[in-house]
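In this note's numbering, the protein residues as written are 147 to 647.
Here a beta-carbon is modelled for each residue, glycine too, at the ideal position from N, C-alpha and C.
Notes to accompany the following structure.
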Amino acid sequence: MGLVAGRKHITRGLRFTLTMGYTIVFTILLLGISLVFRQRLASSLDDQAHVDLNRNSTIVRGNLRLYHAPEEKYGYQPDWFLDPHDPEENRIKADVQNVEIVADANGNVLEESKAYQSLGADSVAHIRSVLNSNQPVWLERRDPKGVLYLIRQFWVESDDHKKFFVAIGLSLAHNQALLTQFTWVILGLIPLVILTGGLTGWVFAGRALSPVIEIAQAAQRITGSKLSLRIPSRGAGDELDYLIETFNQMIERLEINFNQVRQFSTDVSHELRTPITIIRGQLEVALFTAQTAEQYRDAIVNSLSDIERLSQIVRALLLLSQAETGQVALQKQSLDLVELTSETADQFQIPAEGADLKLTFSANCNKCLGYFDRVQIERMLSNLLSNAIKFTPAGGRVEVSLKREGNDAEIQVKDSGQGISPEHLPHIFDRFYRVRSSDSPEQGLGLGLSFVAWIARAHGGSVDVQSELGKGTTFRIALPLHASSGPEIAQESPSELMKQV
Ligand code: ADP
Numbered sequence: 147m148g149l150v151a152g153r154k155h156i157t158r159g160l161r162f163t164l165t166m167g168y169t170i171v172f173t174i175l176l177l178g179i180s181l182v183f184r185q186r187l188a189s190s191l192d193d194q195a196h197v198d199l200n201r202n203s204t205i206v207r208g209n210l211r212l213y214h215a216p217e218e219k220y221g222y223q224p225d226w227f228l229d230p231h232d233p234e235e236n237r238i239k240a241d242v243q244n245v246e247i248v249a250d251a252n253g254n255v256l257e258e259s260k261a262y263q264s265l266g267a268d269s270v271a272h273i274r275s276v277l278n279s280n281q282p283v284w285l286e287r288r289d290p291k292g293v294l295y296l297i298r299q300f301w302v303e304s305d306d307h308k309k310f311f312v313a314i315g316l317s318l319a320h321n322q323a324l325l326t327q328f329t330w331v332i333l334g335l336i337p338l339v340i341l342t343g344g345l346t347g348w349v350f351a352g353r354a355l356s357p358v359i360e361i362a363q364a365a366q367r368i369t370g371s372k373l374s375l376r377i378p379s380r381g382a383g384d385e386l387d388y389l390i391e392t393f394n395q396m397i398e399r400l401e402i403n404f405n406q407v408r409q410f411s412t413d414v415s416h417e418l419r420t421p422i423t424i425i426r427g428q429l430e431v432a433l434f435t436a437q438t439a440e441q442y443r444d445a446i447v448n449s450l451s452d453i454e455r456l457s458q459i460v461r462a463l464l465l466l467s468q469a470e471t472g473q474v475a476l477q478k479q480s481l482d483l484v485e486l487t488s489e490t491a492d493q494f495q496i497p498a499e500g501a502d503l504k505l506t507f508s509a510n511c512n513k514c515l516g517y518f519d520r521v522q523i524e525r526m527l528s529n530l531l532s533n534a535i536k537f538t539p540a541g542g543r544v545e546v547s548l549k550r551e552g553n554d555a556e557i558q559v560k561d562s563g564q565g566i567s568p569e570h571l572p573h574i575f576d577r578f579y580r581v582r583s584s585d586s587p588e589q590g591l592g593l594g595l596s597f598v599a600w601i602a603r604a605h606g607g608s609v610d611v612q613s614e615l616g617k618g619t620t621f622r623i624a625l626p627l628h629a630s631s632g633p634e635i636a637q638e639s640p641s642e643l644m645k646q647v
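What follows is the structure, encoded as structure tokens:
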């Protein structure tokens with residue numbers, strides 16, 4: 147229950163995080179883009195207002211005439227040179243006069259619109275500064291209602307070359323309304339878009355993550371006793387399928403290891419049980435039936451030899467597991483493999499002759515130098531040779547050959563013996579694996595080939611076997627020459643223990 151709750155919580159968290167991250171980025175992007183657009187709109191509206199006022203001031207300069215009129219209060223009269231019958235010119239004039247003032251240098255107003263009046267009066271000092279400047283003055287003013295106006299102030303000359311102050315303006319109310327409308331539309335749309343985006347993200351994240359939950363559920367069903375179960379592939383060929391495939395491969399490796407460990411425990415118990423049962427039987431018989439010191443002594447001697455076999459198994463196992471977990475360091479030195487192999491083969495001449503076998507050695511090179519642990523290479527060859535002699539009937543042949551190919555050497559131990567049937571062949575390097583048959587010679591521990599495989603691997607090499615029932619067996623060991631690693635110091639030499647295997 148706790149597991150399920152925990153899983154749900156984690157999944158929701160991931161989905162939530164994905165959706166939140168996506169929504170936050172989306173919101174920031176949307177706000178940024180909206181802000182940029184608003185700025186662009188504001189500045190283009192502003193530019194347009196300036197263009198309009200510049201155009202109007204050109205019209206004023208071209209069409210407003212100020213002439214001396216003594217009958218007027220301030221002696222000057224503004225007059226517009228426009229065709230009163232042209233509707234377009236009338237519209238422009240009305241447009242200009244909507245927000246307008248014409249005044250002399252003393253601030254006396256010759257013409258002023260109501261709208262301009264509401265924006266407040268210009269001081270005489272200000273009017274004079276405009277008259278003295280060659281550049282127009284741009285201002286923004288608000289009327290009592292708060293409407294913003296853009297104003298352009300400049301001067302025009304009368305017929306008798308006197309400067310007059312002119313200001314024209316434009317209401318920015320429309321622009322402001324447009325900007326406000328834009329802002330409201332954006333403010334209204336953003337939450338809607340974010341909500342839609344967030345919901346879509348939530349749905350997509352949920353869909354993307356749902357196979358993860360299925361994988362987790364399938365993984366939960368796989369236990370130590372159900373390691374043969376696999377997570378079914380979805381066939382989408384995506385990252386999750388890759389995850390499923392990797393996961394299944396991991397389970398497969400675990401299954402193999404589990405089975406090996408299981409098999410190993412069974413084999414070890416079996417191997418230990420037999421000598422223990424024998425010892426127990428011998429001691430019980432001695433206890434109940436032996437009468438003389440001689441009989442007791444025989445029982446003890448027999449038990450000791452079985453105890454010796456027991457300790458042999460235990461020590462060999464210990465060494466093998468140390469070797470396979472990398473706890474046994476090699477004592478490598480530069481050695482000639484030709485010499486090493488021929489010497490070992492020589493040592494087996496007498497046992498071979500004793501078994502009425504012909505043992506030969508051949509090499510296609512004079513020297514094959516590489517870094518090897520002498521004792522272990524000798525043990526590896528000894529294990530192969532003693533098997534070959536053991537499993538080859540009298541009159542047969544055992545051939546040891548050495549080939550150099552580039553930077554590799556291949557040692558071949560070939561016999562014309564009983565061979566190994568195909569169903570046993572894949573297992574003969576497993577610990578305790580022995581082919582049991584009625585015509586098999588005396589059984590060993592079934593650990594010799596496990597050591598052969600480890601020694602070959604520990605030297606960076608490999609071993610393989612080919613066999614045909616009734617015809618013979620060939621073991622091939624590939625070893626690299628000029629191994630890159632230098633001599634290593636053994637923490638504990640395995641040679642003594644291996645001699646007994
Ligand atoms: P053992 O100590 O029993 O020889 P090994 O690990 O050396 O253990 O060998 C495992 C089994 O492989 C042997 O029991 C035997 O059945 C088979 N085997 C090994 N070498 C040969 C060979 N040259 N010919 C036939 N069978 C062999």
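Roughly how many whole angstroms lie between the Cα atoms of Leu595 and Arg525? As a working mapping, residue 595 is identified with position 449 in the sequence shown. As a working mapping, residue 525 is identified with position 379 in the sequence shown. The alpha-carbon atoms of Leu595 and Arg525 are separated by roughly 11 Å.
Is any heavy atom of the ligand ADP found at a distance shorter than 7 Å from the C-beta of Ile623? The count along the sequence shown starts at 1 and reaches residue 623 at position 477. Ile623: no, Cβ never under 7 Å from the ligand ADP.
Please state if the CB of Thr619 and the CB of Asp561 are separated by a distance shorter than 8 Å. The sequence position of residue 561 within the sequence shown is 415, counting from 1. The sequence position of residue 619 within the sequence shown is 473, counting from 1. Cβ atoms of Asp561 and Thr619: closer than 8 Å.
Boundaries of the beta strand (DSSP E) in which Ile535 is found, first to last residue: Numbered from its first residue, the sequence shown carries residue 535 at position 389. Careful: Ile535 lies outside any beta strand (DSSP E), inside the alpha helix (DSSP H) at Arg520 to Lys536.
Should Leu615 be counted as a contact of the ligand ADP given a C-beta to heavy atom distance under 7 Å? The count along the sequence shown starts at 1 and reaches residue 615 at position 469. Relative to the ligand ADP, the beta carbon of Leu615 is positioned no closer than 7 Å to any heavy atom.
Within 10 angstroms of the Cβ of Thr506, are there 16 or more other Cβ atoms? Answer buried if so, exposed if not. Mapped onto the sequence shown, residue 506 falls at position 360. It is exposed - the Cβ of Thr506 has fewer than 16 other Cβ atoms within 10 Å.
Proximal residues to Leu191 (C-beta, below 6 Å), its chain only, five neighbours per side dropped: Start at 1 with the first residue of the sequence shown, and residue 191 comes out as number 45. Within the same chain, and ignoring the five residues on either side of Leu191 in sequence, the residues whose Cβ sits closer than 6 Å to its Cβ are Asn321.
Continuous beta strand (DSSP E) assignments of at least 3 residues falling wholly in the region 255-328: DSSP assignment within the region 255-328 yields the following whole beta strand (DSSP E) runs of 3 residues or more, N-terminal first: 255-258, 283-288, 294-303 and 309-317.
Go ahead and label Val474 buried or exposed: buried means 16 or more other beta carbons lie within 10 angstroms of its beta carbon, across all protein chains shown. For the purposes of this step, residue 474 is taken as residue 328 along the sequence shown, with counting starting at 1. By the 10 Å Cβ count, Val474 comes out buried.
Between the Cα of Ala354 and the Cα atoms of Thr173, Leu335 and Phe162, which residue gives the shortest distance? Position 208 of the sequence shown, counted from the start, is the residue given in the question as residue 354. The residue with the shortest Cα to Cα distance from Ala354 is Phe162.
Rounded to whole angstroms, what's the CA-CA distance from Leu212 to Ala313? Just pull it up for me. In the sequence shown, counting from the first residue as 1, residue 212 sits at position 66. In the sequence shown, counting from the first residue as 1, residue 313 sits at position 167. Going from the Cα of Leu212 to the Cα of Ala313 covers about 15 Å.
Whose C-beta lies closer than 8 Å to the C-beta of Gly541 among residues of the same chain, with five residues either side of it excluded? Reading the sequence shown from its first residue, position 395 is the one you call residue 541. Excluding positions up to five away in sequence, the list reads Asp502 and Leu503.
Kindly examine the ligand ADP and report whether one of its heavy atoms sits closer than 7 Å to the Cβ of Gly607. Numbered from 1 along the sequence shown, position 461 holds the residue referred to as residue 607. No, the ligand ADP has no heavy atom inside 7 Å of this Cβ.
Opposing strand residues paired with Asp482 [DSSP bridges]: Position 336 of the sequence shown holds residue 482. Looking at the DSSP assignment, Asp482 forms a beta bridge with Leu515.
Extent of the continuous beta strand (DSSP E) run through Ser596: Taking the first residue of the sequence shown as 1, we reach residue 596 at position 450. Boundaries around Ser596 are those of the alpha helix (DSSP H), Gly594 to Ala604, since no beta strand (DSSP E) includes it.
In three-state terms, what does DSSP make of His649? Because the chain is modelled from 147 through 647, residue 649 falls outside the range shown and cannot be assessed.
Which residues mark the beginning and the end of the beta strand (DSSP E) in which His416 is found? Walking along the sequence shown from the start, residue 416 turns up at place 270. Here His416 belongs to no beta strand (DSSP E); instead the alpha helix (DSSP H) covers Glu385 to Thr435.
Would you say the beta carbon of Asp384 is closer than 7 Å to some non-hydrogen atom of the ligand ADP? Within the sequence shown, numbered from 1, the residue matching residue 384 stands at position 238. The answer is no for Asp384.
Could you please give the first and the last residue of the uninterrupted beta strand (DSSP E) stretch that includes Gln473? Residue numbering aside, residue 473 sits at position 327 when the sequence shown is read from its first letter. Gln473: not part of any beta strand (DSSP E); DSSP gives it neither H nor E.
Could you please give the first and the last residue of the uninterrupted beta strand (DSSP E) stretch that includes Ala498? Position 352 of the sequence shown holds residue 498. For Ala498, there is no enclosing beta strand (DSSP E); the enclosing alpha helix (DSSP H) covers residues Gln495 to Gly500.
What does DSSP give as the partner residues of Tyr222 in its beta bridges? For the purposes of this step, residue 222 is taken as residue 76 along the sequence shown, with counting starting at 1. Residue pairing of Tyr222 in beta bridges, as defined by DSSP: His214.
Nearest to Asp306 (by Cα), restricted to the options Phe328, Gly334 and His214: Taking the first residue of the sequence shown as position 1, residue 306 is located at position 160. Considering only alpha carbons, the answer is His214.
For Thr392 and Ala602, I'd like the C-alpha separation in whole angstroms. By one-based count along the sequence shown, residue 392 stands at place 246. By one-based count along the sequence shown, residue 602 stands at place 456. The alpha-carbon atoms of Thr392 and Ala602 are separated by roughly 29 Å.
Using only the alpha-carbon positions, how far apart do Thr329 and Ala188 sit? Reading the sequence shown from its first residue, position 183 is the one you call residue 329. Reading the sequence shown from its first residue, position 42 is the one you call residue 188. In this model, Thr329 and Ala188 are separated by some 11 Å (Cα to Cα).
If you measure between the beta carbons of Leu486 and Ile523, is that distance less than 8 Å? For the purposes of this step, residue 486 is taken as residue 340 along the sequence shown, with counting starting at 1. For the purposes of this step, residue 523 is taken as residue 377 along the sequence shown, with counting starting at 1. Less than 8 Å divides the Cβ of Leu486 from the Cβ of Ile523.
Counting beta carbon pairs with one atom in the region 169-176 and one in the region 264-275, are three or more of them shorter than 8 Å? Result no; under three Cβ-Cβ pairs closer than 8 Å.
Taking the alpha carbon of Thr538 as the reference point, which residue from Glu499, Leu571 and Ser547 has its own alpha carbon closest? Within the sequence shown, numbered from 1, the residue matching residue 538 stands at position 392. Nearest C-alpha to Thr538: Glu499.
Would you kindly work out how many angstroms separate the C-alpha atoms of Arg298 and Ser264, rounded to a whole number? Residue 298 sits at position 152 when you count from the first residue of the sequence shown. Residue 264 sits at position 118 when you count from the first residue of the sequence shown. Approximately 16 Å, taken between the alpha carbons.
Buried or exposed for Pro224, going by 16 or more other Cβ atoms inside 10 Å? Your numbering for residue 224 matches position 78 in the sequence shown. Per the 10 Å Cβ criterion, buried.
Within the present structure, is the beta-carbon of Gly427 separated from the nearest heavy atom of the ligand ADP by less than 7 Å? Walking along the sequence shown from the start, residue 427 turns up at place 281. No.
Verify the contact flag: Tyr579, CB atom, against every heavy atom of the ligand ADP, threshold strictly below 7 Å. Sequence index remark: in the sequence shown, residue 579 carries index 433 (1-based). Yes - the ligand ADP has a heavy atom lying nearer than 7 Å to the Cβ of Tyr579.
Can you find the residues in the same chain that come closer than 8 Å, C-beta to C-beta, to Arg577, ignoring five residues on each side of it along the sequence? For the purposes of this step, residue 577 is identified with residue 431 of the sequence shown, where counting begins at 1. Hits under 8 Å: Phe410, Asp413, Leu463, Leu466, Gly592, Leu593 and Ser596.
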